[in-house]
Amino acid sequence: MGLVGVGRDLGNGHAVIEYTGPWGRPIGQWIPAWGEQGKVDIERIVGGLTQRFGEERAQRMALKNRNLLIFPNLIINDIMAITVRTFYPLAPNQLHVNAWALAPADESEWSRKSRLENFLEFLGPGGFATPDDVEALQQCQTGYENMREAGWNDISKGMGKAQPAMDDEIQMRAFWIEWNARIEQANNAR
Amino acid sequence: MQAQAFTRSEIEDFLYHEAALLDDWQLPEWLALYTADARYEVPSTDLPKDASPENNLFYIADDAFRLSERVKRLMKKTAFAEYPRSKTRHLVSNVRILDSSGDRCRVSIAFVTYRTKSGVTDTYIGSSEHTIVRGDAGLRIASKRCTLDLDSLRPQGRVSIIL
Chain U
1 MGLVGVGRDL GNGHAVIEYT GPWGRPIGQW IPAWGEQGKV DIERIVGGLT QRFGEERAQR
61 MALKNRNLLI FPNLIINDIM AITVRTFYPL APNQLHVNAW ALAPADESEW SRKSRLENFL
121 EFLGPGGFAT PDDVEALQQC QTGYENMREA GWNDISKGMG KAQPAMDDEI QMRAFWIEWN
181 ARIEQANNAR
Chain R
191 MQAQAFTRSE IEDFLYHEAA LLDDWQLPEW LALYTADARY EVPSTDLPKD ASPENNLFYI
251 ADDAFRLSER VKRLMKKTAF AEYPRSKTRH LVSNVRILDS SGDRCRVSIA FVTYRTKSGV
311 TDTYIGSSEH TIVRGDAGLR IASKRCTLDL DSLRPQGRVS IIL
């Protein structure tokens with residue numbers, strides 16, 4: 001499964017990755033599972049986008065996925081469906097995550113059904129991806145409890161590249177650099 | 191010929207067997223208890239009882255294809271949430287046959303499923319409604335909907351096992 005694209009540090013802790021993926025996007029990337037009616041509807045949506053935003057921007061909106069981090073704790077994933085997440089640390093080893101699915105107000109019955117299906121297949125606590133991400137996060141946390149012995153976490157992938165790729169961990173560096181700057185500032189002010 | 195009536199003890203035996211297959215991680219065998227057009231659903235905790243997955247976001251709303259993919263995936267080592275596998279215990283209680291007609295009946299149960307991994311035991315409490323059909327090969331499940339008696343998925347954080 002080839003995910004091709006770029007990562008961008010947006011400054012002040014914000015970052016985004018933008019890339020193409022093989023999955024259906026209810027706003028503009030058709031997959032065979034959606035049938036002929038789906039194809040017609042997607043072409044109509046993309047046509048509307050093209051009219052409003054021009055060819056180049058419409059293609060970007062329709063076909064490119066974006067995982068956007070807004071510092072410190074808001075995530076907008078515009079991927080196989082749009083999901084908005086917040087995360088609130090309650091303790092050093094506990095985090096509350098809330099997630100919402102965004103939908104166009106005027107979506108048809110067909111597109112609502114396919115969007116929800118698309119969401120479920122991958123995202124959410126019963127999807128085919130999110131539970132494994134949660135597991136990875138928890139295992140990392142277990143590892144961090146060894147910080148006295150190993151005080152570093154390596155998130156240097158792609159560091160120093162003129163244009164980091166979508167999987168070059170740039171959003172993690174953007175977050176932690178800002179987080180570190182703010183914590184240092186707070187500590188120095190004491 | 192009149193269809194054979196469903197009895198509660200027959201349904202209970204069948205559901206205990208389903209629970210045992212899940213607890214033993216015999217998921218392909220578990221899937222074989224389902225019909226070729228089966229559905230398996232877990233609605234989100236904030237939805238009304240009669241909510242449809244066509245216009246509401248569920249935790250799980252599997253048709254037969256996605257359910258078979260779920261089983262395939264859970265049997266792989268790359269399903270990190272469940273590998274190493276958690277220990278589960280599916281308790282089935284308060285079994286009632288709500289109605290039946292011919293070779294088909296609707297059954298309601300109360301369930302508690304415990305999932306233990308890495309020193310943490312999570313509890314999933316709820317009721318489930320099964321549609322059970324009698325075929326040549328015995329009883330099969332045509333649909334199962336597990337409604338959780340929880341305010342939210344906290345502290346569980348996921349439904350990575352089959353309830």
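Sequence lines, in order, name chains U and R.
Numbered continuously in the numbering used here, the first sequence closes out at residue 190.
Numbered continuously in the numbering used here, the second sequence closes out at residue 353.
Think of the CB as a built atom: it goes at the ideal place given N, C-alpha and C, for glycine as much as any other residue.
Buried or exposed by the 16-neighbour rule on C-beta atoms within 10 Å, applied to residue i
i        : result
U:Leu102 : exposed
R:Val310 : exposed
U:Arg190 : exposed
U:Glu117 : buried
R:Thr268 : exposed
R:Arg260 : buried
U:Tyr144 : exposed
R:Lys334 : buried
R:Phe196 : buried
U:Met80  : buried
U:Met166 : buried
R:Cys336 : buried
R:Cys295 : buried
U:Asn274 : Limits of chain U in this structure are 1 at one end and 190 at the other, which puts residue 274 of chain U out of reach.
U:Trp34  : buried
U:Gly13  : buried
Residue i at chain R interface by Cβ criterion, 9 angstroms
i        : result
U:Phe128 : yes
U:Gln37  : no
U:Phe53  : no
U:Glu121 : yes
U:Leu3   : no
U:Glu109 : yes
U:Gly24  : no
9 angstroms Cβ cutoff met for residue i and residue j
i        : j        : result
U:Leu120 : R:Pro243 : yes
U:Ile17  : U:Gly24  : no
U:Pro22  : U:Gly2   : yes
U:Ser108 : U:Asp41  : yes
U:Met61  : U:Leu49  : yes
U:Pro164 : U:Ile170 : yes
U:Gln19  : U:Gly28  : The sequence as given places Tyr at residue 19 of chain U; Gln does not occur at that position. Going by C-beta atoms, U:Tyr19 is not nearer than 9 angstroms to U:Gly28.
U:Phe71  : U:Ala186 : no
R:Tyr249 : R:Ala332 : no
R:Val282 : R:Ala222 : no
R:Trp215 : R:Arg275 : yes
U:Glu126 : R:Ser308 : According to the sequence shown, residue 126 of chain U is Gly rather than Glu. Cβ distance not < 9 angstroms, so U:Gly126 and R:Ser308 don't count as in contact.
Proximity test, Cβ basis, 9 angstroms: residue i and chain U
i        : result
R:Leu288 : no
R:Glu259 : yes
R:Ser425 : With chain R running from 191 to 353 in the structure shown, residue 425 of chain R is simply not present.
R:Tyr249 : yes
R:Ala254 : no
Which ranges does the beta strand (DSSP E) cover as unbroken runs of at least 3 residues, wholly within the region 215-291 of chain R, from first to last along the chain? Entirely contained in the region 215-291 of chain R, the beta strand (DSSP E) runs reaching 3 residues are, in chain order, 224-232, 250-252 and 277-291.
At what residue ranges does the region 16-45 of chain U contain a whole run of the beta strand (DSSP E), taking only runs of 3 or more? Within the region 16-45 of chain U, no complete beta strand (DSSP E) run reaches 3 residues.
Are three or more beta carbon pairs between the region 302-309 of chain R and the region 224-242 of chain R nearer than 8 angstroms? With the rule of 3 Cβ pairs closer than 8 angstroms, the region 302-309 of chain R does not count as touching the region 224-242 of chain R.
Would you call the region 92-110 of chain U in contact with the region 199-211 of chain R, where contact means no fewer than 3 C-beta pairs closer than 8 angstroms? Flag = no, the region 92-110 of chain U and the region 199-211 of chain R do not touch.
Unbroken stretches of the beta strand (DSSP E), 3 residues or longer, contained in the region 288-323 of chain R: Listed in chain order, they are 294-307.
Beta strand (DSSP E) runs contained entirely in the region 159-183 of chain U, provided each spans 3 or more residues: Those beta strand (DSSP E) runs which fall completely within the region 159-183 of chain U and span 3+ residues do not exist here.
Just to confirm the assignment: which complete beta strand (DSSP E) runs, minimum length 3, are found wholly within the region 90-152 of chain U? Whole beta strand (DSSP E) segments, 3+ residues: 94-102.
Using 8 angstroms as the threshold, is the region 306-321 of chain R in touch with the region 75-88 of chain U, meaning 3 or more CB pairs across them? Contact fails between the region 306-321 of chain R and the region 75-88 of chain U, because fewer than three Cβ pairs, one in each stretch, are under 8 angstroms apart.
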